[in-house]
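Peer 1: There's a structure below that I have some questions on.
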Amino acid sequence: MSVGVIMLVHTALDRAEQAIRHWVDGGCPVVVHVDQKVRPADYAAFVGSLADLPDVRFCKRHACDWGTWALVEATQSAAAHLLESFPTLQHIYLASGSCLPLRPVPDLRDYLAARPETDFIESTTTADVPWTVGGLDEERFTLRFPFSWRRQRKLFDFYVRLQQAVGYKRRIPENVVPHMGSQWWCLTGRTVAAILNDPKRTVYERYFRKVWIPDESYFQSLVRLHSTKVESRSLTLSKFDYQGKPHIFYDDHKALLRRSACFVARKIWPRADVLYDSFPVAMSGKEQFTEPNPSAADRIFAQAVERRTLGRPGLLMQSRFPSSDRDNAMTAGPYSVLQGLGDVFEGFEEWLAKTTGATVHGHLFAPDRAEFSGRGPLFAGGLSDNAMLRDYNPTNFLINLIWNTRGTHQAFQFGPRDTQDINWMVAKDTDARISVVSGAWMIPLFKARQEFSDLRKEAARLQQIEHEHLKILRSPYTNARVRVQSLAEFVLAPMDMLQLIVDEMSEQTHPRLTDVPQMADLTGLGAFLQDLRNQGMHPFLTGDFPANLERDSTLQTPRKPYLVR
Amino acid sequence: MNIAQSYLLRLQRKRWKIRAFRKRRELRSVQDRTGAIRPGNILLFATFRNEDIRLPYFFDYYRKLGVDHFLLVDNDSSDGGGDYAANQPDVSLWSTDAGYGNARFGIDWLTYLQSRYADGHWALTVDVDEFFVYPFCDTRPLAALGDWLDASEVRSFGTIMLDMYPKERVSTAVYERGTDPFAMANWFDAGNHMISRNKRLRNLWIQGGPRARAFFADRPAKAPALNKIPFVKWSKRYTYVSSTHMILPRGLNLVYDQQGGEKTSGVLLHAKFINIFGDRAAQEAARAEHYQKGNEYRRYTQDDPILWSEWSHQYVNWRQLEGLGLMSKGNWA
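As you go down the protein sequences, you meet chains Z and L in turn.
If you read the first sequence in full-length UniProt numbering, its first letter stands for residue 1, the second for the next number, and so on.
If you read the second sequence in full-length UniProt numbering, its first letter stands for residue 1, the second for the next number, and so on.
Written out as structure tokens, the structure is:
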């Protein structure tokens, strides 16, 4: 007999029996440790059900809790029992009742026979593992842990903090370098015997008893003292999530398990009938000698942990609702907020859409309706253009819009006439690209030619609103990419800002713009502003427009003069 | 945590437990098979009234998901649905002719039955037009979800109710008893939900979907709540507060992650918008036993709407909903 199995069982005894039969059929003797907490009647029935198999033995029972020393004791008892009964074993495989052999047991025996000196055990120093639960890595070996993490969490935490406060540090036994790794190993009989018969075993035990999660460090550390050849990986496909809880395999993992070519997998859901009926399955022909390759399973489970811990940015849903101050990227991707440009240029939206290929909306937050690109009543995801519905939760409206259109860049016009409730959210959002031509709202007023006293009042109102908005954009909490120019500055060199906007919307550097939108005719704006000043209003956001603008040569003929450099 | 507030919530929970206990007198046992319930069984709780046409498919659907026992309250049906349900081998049935509205829309009756029978079980509480979809529901039974949540020390599971509608007028989706309602009403809105947090009970409050845009656009605050917590590892201390939107103790309402991650969650497909909807809306508006005195139903009776638009999505499976962000696998792989 070349390979013996230690099996730790605490639940789903029927499945454990099935697994034991696979091992025995494959020519491996099994010593079973049944958790002391299993009821006597169930234990007796379990032992009875395996009575026909002479190579199945039962060892002394211990009551095992997650991450406790009793698990090591159980393993020690079973190993001693196994070596006593079958002293010539070349390898010992540590498995659990929820392990399932994926490949025929003789395959495993051949594999191990070809590597008679190798100990397969994941064993790494604490400095190198990222997956420690509870934030304790180095300290799990230097503090004492008499309380259960699962059942006595408060005492556990208190005792850890107390030891940290007084600077307590345990002495690690001479020669021992703490290593840790998966609980499920396959060691040579010689190495196991050496660990069990080490003259300093009691010293080591005294130490590891109070280490945290000794079942992942006792054998993993001691193997380094006795082994001639450690191969630091587990032959059991077993993945843990971010809470230190094993991932579970179900029927729909059948193809994944098959492809992994691993010898054993854990943990199998006890009611995964398809898996229990299908495995172990023989590999065909050449594949018989395939090395285990769990990378596909690794990827799937890594993605799952990422989904749970990071989530999909910009998604609000029933199970993801980040506190707003926690997340810098509040939306699913970059988008552009364009303030004032639609007033300066005629046909700006159409031009921008054509130039960049992005989706360019009108004033999404206009007071009467959301002006979606195309001006339909509904947009992606079923968003409604109804202003009351939108204004019920305007930030959520915008977050939804960006989420619903992920993959295409969105841009929308904005201005002081619109609902301002999104200003803080947009300013804090790292995905926002905000370009403001301040005071450009003056242009429609100037064109309106209404009663001047009304215009003056409206100008003051809009200026106040935009001023508040600009204060937000200049606050230290703003994470968005912001550029602001006054109307007066902008008209002097409009291409600079347009080029930047176009470049960031198409996520690439555009060749120098050749086709440019037509600027509104601003003849007389300077005089209009002067009239406002004369009436006692101070249009400071518009910038310094000379009152005699008509005579300014740069703006006399606004037909693309700014292209000439 | 504010101790006074927490104590008030405790009192509220106790009051509702007592109220539910008193309302037990309104229930008459019609068919009691609860002796067949085994430890670990998954139980389904529902109230219904004149839903005979929906019951056969409802039973089919949930049996396939692995519900072991149905505990149902028949609120004075006159269409034979009660008899049909009572004859099912895995159903225990109670009946009452008391007012639905006075029993907190049936929740009092179910709370009583849950305290009595669901302690220690995973309990699914749904309406007969709600169909539970969770990650891997096409390959893993409810027991797999329950076991996994147990192992993760999670006691409650959140969903969003997704209103499904046909491509034509609602009245054209003619439903036949025993068939899948989503064969016709298989379109939905994917991205127009509005979410806020209820600070007191800590649940999310979700509104939106086709009902908000078609019926409540001018009064969005009145749009129906779509957040539901239908799957709970029950303890006799628990009680739902308002339908299955909220539950006490309030820790159970934390079915969402606040650090940016995603917890595992599902969807309740809502088979409301089929042809029986128009008549039903008129009846329920007249009866005024529903939330806000049937106000919602009064709005629906106004016309026979087309809810479909070019932005609607056609239902495929849970993976599609997951990809759209309407539910999440979380770290269940």
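Ideal Cβ placement from N, Cα and C applies to all residues, glycine included.
#1: Would a check of beta-carbon distances place Asp27 (chain L) closer than 9 angstroms to chain Z?
#2: Within its chain, find whatever has a CB closer than 7 angstroms to the CB of Phe131 (chain L); leave out the 5 residues flanking it on each side and keep chain order.
#3: Can you tell me whether Asp74 (chain L) sits near the ligand NAP, meaning its C-beta is under 8 angstroms from at least one heavy atom of the ligand?
#4: Just reading off the alpha helix (DSSP H) that His81 (chain Z) is part of, what are its end residues?
#5: How about Leu389 (chain Z) and Ala217 (chain L): are their beta carbons less than 9 angstroms apart?
#6: For the segment 135-148 of chain L, list every residue whose C-beta sits within 8 angstroms of some C-beta in chain Z, in sequence order.
#7: Considering only C-alpha positions, which residue in the set L:Ala333, L:Gly266, L:Gly35 and L:Trp205 is nearest to Asn317 (chain L)?
#8: Use the C-beta contact count for Tyr168 (chain Z): other C-beta atoms within 10 angstroms, 16 or more gives buried, fewer gives exposed.
#9: Start and end of the alpha helix (DSSP H) containing Trp148 (chain L)?
#10: Looking only at its own chain, which residues have a Cβ that is under 6 angstroms from the Cβ of Ala20 (chain L), when we skip the five neighbours before and after it?
#11: Taking Val255 (chain L) as the query, report the chain C residues whose CB atoms sit under 8 angstroms from its CB, ordered along the chain.
#12: Let me check understanding here. Comparing Cα to Cα, which of L:Gln320, L:Lys329 and L:Ala288 lies closest to Gly101 (chain L)?
#13: Could you check which residue in Z:Leu89, Z:Trp23, Z:Phe120 and Z:Asp35 has the C-alpha nearest to that of residue 568 (chain Z)?
#14: Looking at chain Z, which residues of the segment 182-206 of chain L have a Cβ within less than 9 angstroms of any of its Cβ atoms?
#15: Compute the Euclidean distance between the alpha carbons of Trp269 (chain Z) and Gly66 (chain L), then round it to the nearest angstrom.
#16: Shorter than 9 angstroms from the beta carbon of Pro367 (chain Z) to some beta carbon of chain L?
#17: Quick check on the DSSP output: the alpha helix (DSSP H) that includes Lys233 (chain L) runs from which residue to which?
#18: Just to confirm before moving on: does the CB-CB distance between Ala265 (chain Z) and Leu112 (chain Z) stay below 9 angstroms?
#19: Which same chain residues end up closer than 8 angstroms to Glu17 (chain Z) when comparing Cβ atoms and leaving out the 5 residues on each side of it in sequence?
#20: Using the Cα positions of Leu307 (chain L) and Asn275 (chain L), report the straight-line distance between them to the nearest angstrom.
#21: At the level of alpha carbons, what is the spacing between Asp503 (chain Z) and His467 (chain Z)?
#22: Contact criterion: CB-CB distance below 9 angstroms. Does His10 (chain Z) meet it with respect to chain L?
#23: Mind listing the chain Z neighbours of Glu284 (chain L)? Cutoff is C-beta to C-beta under 7 angstroms, in chain order.
#24: Identify the continuous beta strand (DSSP E) that holds Ile160 (chain L) and give its terminal residues.
#25: Can you tell me where the alpha helix (DSSP H) with Ser453 (chain Z) in it begins and where it stops?
#26: Starting from the beta carbon of Ala493 (chain Z), find every residue of chain L whose beta carbon is closer than 9 angstroms, and list them in chain order.
#27: So Trp311 (chain L) contacts chain Z; which residues on that side make the cut at Cβ distance below 9 angstroms?
#28: What are the start and end residues of the beta strand (DSSP E) that includes Ile42 (chain L)?
#29: Quick check: the Cα distance between Thr172 (chain L) and Asp304 (chain L), rounded to an integer number of angstroms?
#30: Given a threshold of 16 other Cβ atoms within 10 Å of its Cβ, counted over all protein chains shown, does Glu153 (chain L) qualify as buried or as exposed?
#31: Within the same chain, show all residues whose beta-carbon is closer than 8 angstroms to that of residue 577 (chain Z), passing over the 5 residues directly before and after it, in chain order.
#32: Does any residue of chain L have a CB that is nearer than 9 angstroms to the CB of Ser323 (chain Z)?
#33: Hey, how far is the Cα of Val170 (chain L) from the Cα of Val436 (chain Z)?
#34: Could you work out which residue in Z:Val177, Z:Glu117 and Z:His361 is closest to Glu138 (chain Z) when comparing CA atoms only?
#35: For Trp205 (chain L) versus Arg213 (chain L), is the C-beta distance shorter than 9 angstroms?
#36: Please state whether the Cβ-Cβ distance between Arg202 (chain L) and Arg250 (chain L) is less than 9 angstroms.
Peer 2: Inspection of the coordinates gives the following:
#1: It is Leu, not Asp, that sits at residue 27 (chain L) in the sequence shown. By this cut-off, Leu27 (chain L) is not an interface position.
#2: Cβ neighbours of Phe131 (chain L) beyond the five flanking positions: Tyr61, Leu268, Leu269 and Ala271.
#3: No copy of the ligand NAP occurs in the structure displayed, which carries no ligand at all.
#4: Trp69 to Ser85
#5: yes
#6: Within the segment 135-148 of chain L, the residues whose Cβ lies closer than 8 angstroms to some Cβ of chain Z are Phe136, Thr139, Arg140, Pro141, Ala143, Ala144, Asp147 and Trp148, listed in chain order.
#7: L:Gly266
#8: So Tyr168 (chain Z) counts as exposed.
#9: Leu142 to Ala151
#10: Asp108, Thr111 and Tyr112
#11: Checking the listed chains, one finds no chain C in this structure; the protein chains it contains are Z and L.
#12: L:Ala288
#13: A query on residue 568 (chain Z) cannot be resolved here, the shown segment of chain Z reaching from 1 to 565 and no further.
#14: Going along the segment 182-206 of chain L in chain order, one finds Phe188, Asp189, Ala190, Gly191, Asn192, His193, Met194, Ile195, Ser196, Arg197, Leu204 and Ile206 with a Cβ nearer than 9 angstroms to chain Z.
#15: Approximately 15 angstroms, taken between the alpha carbons.
#16: no
#17: From DSSP, Lys233 (chain L) is part of no alpha helix (DSSP H) but of the beta strand (DSSP E) over Asn227 to Lys233.
#18: no
#19: Phe46, Ser49 and Leu50
#20: Distance from the CA of Leu307 (chain L) to the CA of Asn275 (chain L), rounded to the nearest whole angstrom, comes to 13 angstroms.
#21: Each residue's Cα considered, the two are about 27 angstroms apart.
#22: no
#23: Within 7 angstroms Cβ-Cβ: nothing; Glu284 (chain L) doesn't reach chain Z, min ~24 angstroms.
#24: Ser156 to Asp163
#25: Its alpha helix (DSSP H) spans residues Phe452 to Leu473.
#26: What Ala493 (chain Z) touches in chain L: nothing, since even the nearest Cβ is about 39 angstroms away.
#27: Gly376, Leu378, Phe379, Ala380, Gly381, Gly382, Leu383 and Asn404
#28: Ile42 to Phe48
#29: 10 angstroms
#30: exposed
#31: Residue 577 (chain Z) is absent from the structure shown; chain Z starts at 1 and stops at 565.
#32: yes
#33: 46 angstroms
#34: Z:Val177
#35: no
#36: Taking 9 angstroms as the Cβ cut-off, Arg202 (chain L) and Arg250 (chain L) qualify as a contacting pair.
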